[in-house]
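Asks:
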């Protein structure tokens with residue numbers, strides 16, 4: 001098993017640092033196990049499990065740094081790896097943006113690990129696949145799904161006394177169900193830290209309903225529509241997505257340099273400006289029990305609760321340590337998750353209160369079109385329905401959209417109850433004037 | 001590593017990335033290690049036999065072993081700084097078996113002796129037997145002769161790893177300086193080099209040793225107009241290629257002159273970045289396109305991506321059959337359309353060929369990752385759909401007697417499956433230059449370089465952008481445009497193909513990171529074409545106010 005306990009990892013890290021002769025040395029040790037099962041056409045296509053354990057040493061002389069990696073942890077190998085990192089560092093060009101390593105830090109006690117997930121074995125995965133395949137086979141529907149679980153640890157230590165250790169588990173499941181005639185398709189996805197909260201059967205049943213309900217879709221004219229976006233349409237486990245694109249674009253350096261949607265006309269950034277509807281509040285919080293994350297970033301900075309957007313106003317941007325030092329501000333790292341505050345309405349409530357609109361299960365092949373405005377394009381997929389007078393009336397053909405999350409979050413009609421998606425908490429959103437620019441024949 | 005991770009690595013993403021190691025690529029090593037020899041071929045055969053024998057003794061009816069050593073080097077810079085130099089090596093073995101009619105796969109890092117090999121083979125058989133309980137139909141492999149002990153080497157002139165890192169750093173810093181001198185506010189540039197040393201052995205009696213090289217020089221230039229708060233970018237017009245460092249040796253014969261210079265088998269990075277900085281500045285004041293129908297003239301540096309998405313992917317047989325339904329999707333090019341023998345994929349002049357042998361392409365190998373000798377075959381002939389891309393366990397489904405030889409895994413640790421070969425549009429058969437093509441266009445847009453791209457999960461509806469757009473009015477280039485993207489439907493688009501330039505203009509484009517599968521794997525693939533004209537395509541304006 002490639003999971004080192006905190007004590008084992010510390011012992012090895014200390015050993016590495018005892019061999020070091022550079023000005024500064026850091027060591028990361030990471031490892032874990034990941035397993036998966038994949039099925040399509042109602043039959044398992046692949047499954048596997050892999051373990052990995054890797055130790056990386058970074059040595060620094062002045063502003064020159066070098067890294068060497070190894071996956072054997074005996075004393076000789078460790079000493080050799082330190083020497084190699086030092087040799088590489090001596091030959092490396094100077095990095096003018098090098099920032100000295102951090103000293104000891106205080107971290108929150110987050111809980112991103114669940115023993116139930118760490119104990120997953122091939123029999124569990126086969127049963128999870130069976131629970132999803134079985135109801136589809138019985139209804140003459142075709143299932144294609146994927147379950148991936150991982151259990152891992154990450155440790156970071158350096159010659160200035162920094163020590164950080166995290167253990168984490170996660171499982172992601174997605175299922176696409178298609179009707180035998182290929183005219184209907186439905187999708188559902190779940191991700192959890194604790195696999196006891198995952199039911200592949202429950203998710204599959206939703207995908208089955210969507211598949212059956214989406215047969216014989218009618219074509220509506222492209223144009224601007226009120227849409228209800230399910231969380232899986234706003235954030236994706238496997239693709240770019242509108243909400244993740246927005247949160248990942250909160251980097252201060254790009255904004256300061258004038259090449260971000262947060263750059264200000266005439267120079268500077270839009271920090272403090274109200275750019276979104278006042279109901280939009282987005283923050284990161286490693287302690288959230290639904291979406292816990294590591295308490296530190298990859299370079300050892302503590303992760304704490306940070307509000308990025310509050311009541312529509314840009315409150316914070318993320319900084320590299322170099323850029324923060326240059327600007328004389330706190331070096332806030334990007335969050336490990338993001339949480340969008342929501343309301344109390346369920347998806348059903350949101351549909352009920354809609355006079356005319358379109359329910360979107362999922363968006364797909366989402367790509368940036370213009371970084372200046374965060375304009376993205378992509379398509380609806382696997383369950384798109386027309387709503388009239390508070391009821392789902394009929395399935396509609398898929399649309400291509402061209403829309404910016406900045407515009408989208410200004411056209412908010414309603415916010416539902418947040419759910420976990422891709423390690424984040426995101427509510428379903430009702431949005432007016434969402435731009436669908438053409439029709440797609442894809443099912 | 002996928003495209004997003006790559007973009008982060010380049011620092012072209014939004015957040016700077018701290019990457020002490022690159023676990024997905026392998027261990028970090030000194031540059032000299034990239035020139036050290038891998039295992040001796042006799043030792044590889046002995047190790048492979050240990051795995052094949054162990055698999056058979058545990059009940060496998062078929063087995064293949066891949067022993068892989070994967071070497072990568074990145075040199076990453078911005079403006080006057082070297083951001084990162086990364087050298088990685090990854091070595092291990094993957095064993096795939098059929099037992100009880102079902103596939104099983106297991107991999108082992110750093111396997112160096114017969115016992116490691118046997119253990120991986122036994123694990124693969126155990127997984128196959130466990131999964132056989134959920135099997136509907138046993139795997140059926142197309143017959144395949146063994147070739148004995150064979151080898152293949154990419155025909156490169158200069159191994160990029162032999163070029164000192166300093167020379168590469170000097171090249172990139174020179175490129176960056178040229179960009180800044182010509183008006184850029186920011187520039188990122190990268191050299192990315194790959195060497196795959198792959199050995200495949202199968203129970204059919206093939207032992208193939210192969211040496212594959214790829215290189216990709218790229219940059220991204222940004223120009224800012226602080227007053228208006230606008231910015232524009234221009235990316236390199238280079239292509240990732242299956243070549244050595246000779247791709248960076250400039251040769252006038254490889255330059256295609258015109259409104260801007262494009263490149264064939266040799267790339268002048270300094271010249272291209274100089275043009276890029278000026279063009280990004282020019283874009284800031286270019287005319288915003290008026291939405292509507294235009295005739296499009298598409299340069300090969302742009303068209304490769306449209307071919308990739310709208311022809312390469314829909315004709316992958318695993319997609320057509322539904323194996324990718326939960327991720328990449330299925331395909332509009334269903335078996336009944338192929339069986340009808342009259343499905344008009346494009347106009348009569350449209351011919352697409354799949355080719356795993358094309359010299360200088362990213363997909364070229366001698367043998368694929370299940371030991372099948374590679375070849376060239378038709379996908380669309382005279383506009384009609386005639387074939388798909390199939391590997392050994394799919395050939396029977398489309399009545400083929402042998403695999404097409406397009407099976408690939410992106411690492412020793414991942415299981416091989418059907419991947420796209422190079423898929424290219426044949427050049428026109430009658431002489432036609434780009435200039436003559438443009439002369440005939442009344443209202444059109446000439447697009448150079450690849451940009452934004454998106455297509456639906458069955459590959460009907462797509463939208464593409466580019467790097468450079470020029471308005472064509474009454475047979476003349478009238479000036480630069482911006483905010484351009486075109487939308488179409490695959491069949492409609494290829495049926496609107498009205499003219500293709502001849503072989504003189506034929507060039508390759510391609511992708512280092514074509515993603516497919518769960519867990520996702522990436523593969524490198526090239527697409528060739530000559531400049532091509534499409535009539536009456538819908539163009540949208542992408543400008544927005546926020």
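Protein chains in written order, with the UniProt record's numbering: chain A, 1 to 443; chain B, 1 to 546. In this text, a Cβ means the ideal position worked out from N, Cα and C, and glycines have one as well.
Hey, is residue 361 of chain B's beta-carbon within less than 8 Å of any beta-carbon in chain A?
Replies: no
Asks: Can you find a C-beta in chain A that's less than 8 Å from the C-beta of residue 21 of chain B?
Replies: For residue 21 of chain B, the pLDDT reaches just 36, beneath the cut-off of 50, and the residue's location in the model is therefore unreliable, although a value from the coordinates is still provided. Yes, because at least one Cβ of chain A sits closer than 8 Å to the Cβ of residue 21 of chain B.
Asks: Using a C-beta cutoff of 8 Å, does residue 395 of chain A count as contacting chain B?
Replies: no
Asks: What are the start and end residues of the alpha helix (DSSP H) that includes residue 400 of chain B?
Replies: Unbroken run through residue 400 of chain B: none, as it is neither H nor E.
Asks: On the criterion of 16 or more Cβ atoms from any shown chain inside 10 Å, does residue 548 of chain B qualify as buried, or is it exposed?
Replies: Past the edges of chain B, shown from 1 to 546, lies residue 548 of chain B, and the structure says nothing about it.
Asks: Does any residue of chain B bring its CB to less than 8 Å from the CB of residue 286 of chain A?
Replies: no
Asks: Give a yes or no on contact between the stretch 350-369 of chain A and the stretch 196-216 of chain B, applying the rule of three or more CB pairs nearer than 8 Å.
Replies: no
Asks: Taking Cβ to Cβ, would you say residue 431 of chain A is nearer than 8 Å to residue 342 of chain A?
Replies: no
Asks: In three-state terms, what does DSSP make of residue 102 of chain B?
Replies: strand
Asks: Closer than 8 Å, CB to CB, is residue 27 of chain B near chain A or not?
Replies: yes
Asks: How big is the Cα-Cα spacing for residue 468 of chain B and residue 147 of chain B?
Replies: 48 Å
Asks: Quick one: what's got a C-beta closer than 7 Å to residue 136 of chain A's C-beta in the same chain, skipping five residues either side?
Replies: 42, 142, 143, 177, 204 and 208
Asks: Kindly list the residues whose CB is nearer than 6 Å to the CB of residue 188 of chain A, restricted to its own chain and excluding five residues on each side of it in sequence; keep chain order.
Replies: Excluding its 5 nearest sequence neighbours in each direction, residue 188 of chain A has C-beta neighbours in its own chain below 6 Å: 175, 203, 206 and 207, listed in chain order.
Asks: At a cut of 8 Å, does the stretch 247-257 of chain A reach the stretch 308-324 of chain A through at least three beta carbon pairs?
Replies: yes
Asks: Determine the chain A residues that contact residue 542 of chain B at a beta-carbon separation under 8 Å, and present them in chain order.
Replies: 369, 370, 375 and 402
Asks: What residues of chain B sit near residue 42 of chain A, judged by a beta carbon separation below 7 Å?
Replies: By Cβ distance, chain B contributes 136.
Asks: Return no unless some Cβ of chain B is closer than 8 Å to the Cβ of residue 190 of chain A.
Replies: no
Asks: Under 9 Å, CB to CB, which of the residues in the stretch 456-483 of chain B have a partner in chain A?
Replies: 456, 457, 458, 459, 460, 461, 462, 463, 465 and 483
Asks: Have a look at the DSSP bridge pairing and note the partners of residue 522 of chain B.
Replies: Beta-bridge pairing links residue 522 of chain B to B:515.
Asks: Considering only residues of the stretch 297-384 of chain B, which uninterrupted alpha helix (DSSP H) runs meet the minimum length of 4 residues and lie entirely inside it, listed in chain order?
Replies: 300-307, 317-321 and 335-339
Asks: Check residue 254 of chain B in the structure and name its three-state DSSP category.
Replies: helix
Asks: Can you tell which of A:214, A:60, A:159 and A:237 has the C-alpha that lies nearest to the C-alpha of residue 93 of chain A?
Replies: Of all alpha-carbon atoms in A:214, A:60, A:159 and A:237, the one lying nearest the alpha-carbon of residue 93 of chain A is that of A:60.
Asks: Near residue 485 of chain B, which residues of its chain fall below 6 Å by C-beta distance, leaving aside the five closest residues on each side in sequence?
Replies: 463, 465, 540 and 542
Asks: Identify the residues that DSSP records as bridge partners of residue 370 of chain A: which are they?
Replies: Per DSSP, A:375.
Asks: Return the residue from the list A:236, A:162, A:442 and A:72 that minimises the CA-CA distance to residue 297 of chain A.
Replies: A:162
Asks: Taking 8 Å as the cut-off, does the stretch 254-262 of chain B touch the stretch 155-166 of chain B (at least 3 CB pairs, one atom from each stretch)?
Replies: no
Asks: Tell me, please, whether the stretch 400-418 of chain B touches the stretch 336-349 of chain B by the rule of three or more beta-carbon pairs shorter than 8 Å.
Replies: Here the stretch 400-418 of chain B does not lie against the stretch 336-349 of chain B, with fewer than 3 beta-carbon pairs under 8 Å apart.
Asks: Measuring only between beta-carbons, confirm whether residue 309 of chain A sits less than 8 Å from chain B.
Replies: no
Asks: Closer than 7 Å by beta-carbon distance: list the chain B residues that pair up with residue 388 of chain A, in chain order.
Replies: Chain B residues near residue 388 of chain A: none, gap ~25 Å exceeds 7 Å.
Asks: Where does residue 229 of chain A sit, in a helix, a strand or coil, going by DSSP?
Replies: strand
Asks: Can you give the beta carbon distance from residue 28 of chain A to residue 155 of chain A, rounded, assuming they're within the 8 Å contact cut?
Replies: In this structure residue 28 of chain A is in contact with residue 155 of chain A, their Cβ atoms being roughly 7 Å apart against a cut-off of 8 Å.
Asks: Could you give the first and the last residue of the continuous beta strand (DSSP E) run that contains residue 283 of chain A?
Replies: Residue range 282-284 is occupied by the beta strand (DSSP E) that includes residue 283 of chain A.
Asks: Unbroken beta strand (DSSP E) runs of length 3 or more, entirely within the stretch 320-370 of chain A: which are they?
Replies: 356-370
Asks: What residue from B:48, B:97, B:29 and B:46 has the CA that sits closest to residue 71 of chain A's CA?
Replies: B:29
Asks: Could you list the residues in the stretch 107-139 of chain B with a C-beta less than 8 Å from some C-beta on chain A, going in chain order?
Replies: 107, 109, 110, 127, 130, 131, 133, 134, 135, 136 and 137
Asks: Is the Cβ-Cβ distance between residue 444 of chain A and residue 78 of chain A less than 8 Å?
Replies: The structure shown does not extend to residue 444 of chain A, since chain A is modelled only from 1 to 443, so the question has no answer here.
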